[in-house]
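Protein chains in written order, with the working numbering: chain A, 59 to 353; chain B, 42 to 321. Heads up, the beta-carbon is just placed ideally off N, CA and C, and yes, glycines get one too. Written out below as structure tokens is the structure these notes cover.
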């Protein structure tokens, strides 16, 4: 038994293919990125080592970098304070409605999440279009024509418009995670509370929300990391513009590399980007571990 | 929970209405898209929020299909995705077994190393991988997508597999070993059939992620030959810049495969999405 399960050759055969491909396509590139980040490479020719010059420049003088980070934080706040409360409420509604409708609505709300981001992004570009877009038409219809905008093309509204797309897209995710959390709360707890005289909203504020804390925290972490990683939607709608009004880190490093040919500099941004993501992960894992909720 | 007896019909009706209205709001952009994909291109400029297509312009879909190179891109997407999904399932099953059941000193350390990938953003590897693939003359090939797709799906898949294999009772394997079965027979004849739920979950989540992926495809592919389905939409913005109806038709076509897969495998998707998140 032990002999079969500890055969080194078998273990190597089982683990090696996956491990190699993972190391080749994820870890090795990140290490290469750290090196390239310390060069002034343009993408062609030989890289020229310049030490931490890029990092200094980014941290102390690059306003777009900080703006990208700020935009990510704003998106994260929008997720946490706007999207999530609505998602939680609707998860409770769906759970409560029961029967066939429960499954139907759960399916419907997740549909935007499975549609290719290329489609949803182009679709929203059309929705926001100043000439024929749905958003302006609806404003006209509601006699709110004075609110009509060049949504994605205006410095004032570009970021909020992108944030709205992201919230629309990710709504199903947030909802589904809360919904799964709700399913994990034993029914007896509610029964006990009802016997004690708790009803309606009180049942939710006193039982559901506190018991859901671990799920809420996981969902917050996912949202914040998702905000930090935001790229596709930005790339396909505003490409960070106008100017850097709706810029995000991943998109910014992409532009620096492929539009300005500052490959070294872009890699330095990339490294800081990874550090930011790791930091958020570690920070939130610490917060999780310090508190335990028991069902 | 819920399903309490005191929960009366009236409040259920109110909930249904609220949910119904909100889901209409949530899906309205898609309805709008499909609606105008069947109209004449200029119709979208009218004041109407929706318009009854009269008669429905199915020619838009024909043009989208033909000029969007749907068949060619679709086949590329299938090749890239089927290969990626198969490799992810195979590797994660093998690795999962090695991490959970095999006895070796480095097991935990290597597992942690693989799970570290859960925290690394895909986009951070875009630039270095571009350089590496260029150096290896791998740009513009199926491999340029399959390799990163597999690599990025593995951490999540291994996470799910280790969790699942850990919950399978050892008794079957033990008697198999006593009967003289090798690891590979155990893996493929005992563990594989038992792991079907986990395999389905891994398949569905990997499929949806890679099928919809665009940024890597846009970075690593330079010629038309290998491009995947999302490019149909992307190319159209130029060629049919002002023909919105055909643009909308191509978008509808591209959205369909994932939508069909999702609706068909709804339960598995739900499980896959929530399993990783809630347990993690």
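Roughly how many angstroms lie between the CA atoms of residue 259(B) and residue 93(B), to the nearest whole one?
Between the alpha carbons of residue 259(B) and residue 93(B) lies a gap of roughly 36 Å.
When you compare each of 50(B), 187(B) and 255(B) to residue 126(B) by their alpha carbons, which one comes out closest?
187(B)
Using a beta-carbon distance below 9 Å, is residue 60(A) in contact with chain B?
yes
Between the Cα of residue 67(A) and the Cα atoms of 247(B), 263(B), 290(B) and 225(B), which residue gives the shortest distance?
225(B)
Taking the alpha-carbon positions, what's the residue 353(A) to residue 191(A) distance?
In this prediction, residue 353(A) scores a pLDDT of 40, lower than 50, which makes its location untrustworthy; the coordinate-derived value is nonetheless stated afterwards. Rounded to the nearest angstrom, the two C-alpha atoms are 49 Å apart.
Every unbroken alpha helix (DSSP H) inside the region 214-288 of chain A [4 residues or more]:
216-241, 245-253, 258-261 and 271-287
Measure how close the beta-carbons of residue 169(A) and residue 300(B) come, nearest whole angstrom, since I'm counting them as under 8 Å.
The C-beta distance from residue 169(A) to residue 300(B) rounds to 7 Å, short enough to fall under 8 Å.
Have a look at residue 81(B) and residue 212(A) and give me their C-alpha separation to the nearest angstrom.
29 Å
Residues sharing a beta bridge with residue 97(A), DSSP:
107(A)
What are the start and end residues of each continuous alpha helix (DSSP H) run of 4 or more residues lying completely inside the region 102-184 of chain A, in chain order?
111-119, 121-136, 142-155 and 157-172
So residue 114(B) and residue 248(B) are supposed to be a Cβ contact under 8 Å. How far apart are they, rounded?
Going by Cβ atoms, the distance from residue 114(B) to residue 248(B) rounds to 16 Å, so no, they are not a contact pair.
The region 323-335 of chain A touching the region 85-100 of chain A, judged by at least three CB pairs closer than 8 Å:
yes
Between which two residues does the alpha helix (DSSP H) holding residue 209(A) run?
Bounds of any alpha helix (DSSP H) do not take in residue 209(A), whose DSSP letter is neither H nor E.
Below 7 Å CB to CB, which residues in the same chain sit around residue 265(A) once its five sequence neighbours on both sides are set aside?
Excluding sequence neighbours, residue 265(A) sits near 247, 248 and 251.
Measuring alpha carbon to alpha carbon, tell me which residue in 160(A), 226(A), 207(A) and 199(A) is nearest residue 66(B).
Sorting 160(A), 226(A), 207(A) and 199(A) by C-alpha distance to the C-alpha of residue 66(B) places 226(A) at the top.
Below 8 Å on C-beta distance, what does residue 128(A) contact in chain B?
Per Cβ cutoff of 8 Å: no residues; residue 128(A) is ~18 Å from chain B at best.
Taking DSSP as the reference, what is the three-state secondary structure of residue 254(B)?
coil
Using CA atoms only, rank isn't needed, just tell me which of 59(B), 310(B), 268(B) and 242(B) is closest to residue 159(A).
Among 59(B), 310(B), 268(B) and 242(B), the Cα nearest to that of residue 159(A) is on 59(B).
Residue 135(B) and residue 109(A) - do their beta-carbons sit closer together than 9 Å?
no
Of all the CB atoms in chain A, is at least one closer than 9 Å to the CB of residue 288(B)?
yes
Among 240(A), 186(A) and 200(A), the one whose alpha carbon lies nearest that of residue 222(A)
The shortest C-alpha separation from residue 222(A) is found at 186(A).
By the criterion of Cβ-Cβ separation under 8 Å, what are the contact partners of residue 304(B) in chain A?
165, listed in chain order.
Cross-chain neighbours of residue 193(B) in chain A, by beta carbon under 9 Å:
80, 83 and 84
Residue 165(B) - DSSP class collapsed to helix/strand/coil:
helix
Going along chain A in order, which residues have a C-beta closer than 7 Å to the C-beta of residue 158(B)?
By Cβ distance, chain A contributes 80 and 84.
Have a look at residue 176(A) and residue 146(B) and give me their C-alpha separation to the nearest angstrom.
45 Å
Neighbour list for residue 354(A) in chain B, Cβ cutoff strictly below 8 Å:
Because chain A here runs from 59 to 353, residue 354(A) falls outside it and cannot be looked at.
Proximity test, Cβ basis, 9 Å: residue 67(B) and chain A:
yes
Please report the distance separating the alpha-carbon of residue 341(B) from that of residue 54(B).
Here chain B covers residues 42 to 321 and nothing more, so residue 341(B) does not appear.
Straight-line CA distance for residue 322(B) to residue 87(A)?
There is simply no residue 322(B) to check, as chain B begins at 42 and stops at 321 in what is shown.
Can you give me, in chain order, the residues of the region 91-116 of chain A that have a beta carbon less than 7 Å from any beta carbon in chain B?
91 and 94
Does the beta carbon of residue 237(A) come closer than 9 Å to any beta carbon on chain B?
yes
Does the CB of residue 137(A) have a neighbour CB from chain B at under 9 Å?
no
Whose C-alpha, out of 69(B), 75(B) and 141(B), is nearest the C-alpha of residue 63(A)?
141(B)
Find out if the Cβ-Cβ distance for the pair residue 80(A), residue 155(B) is shorter than 9 Å.
yes
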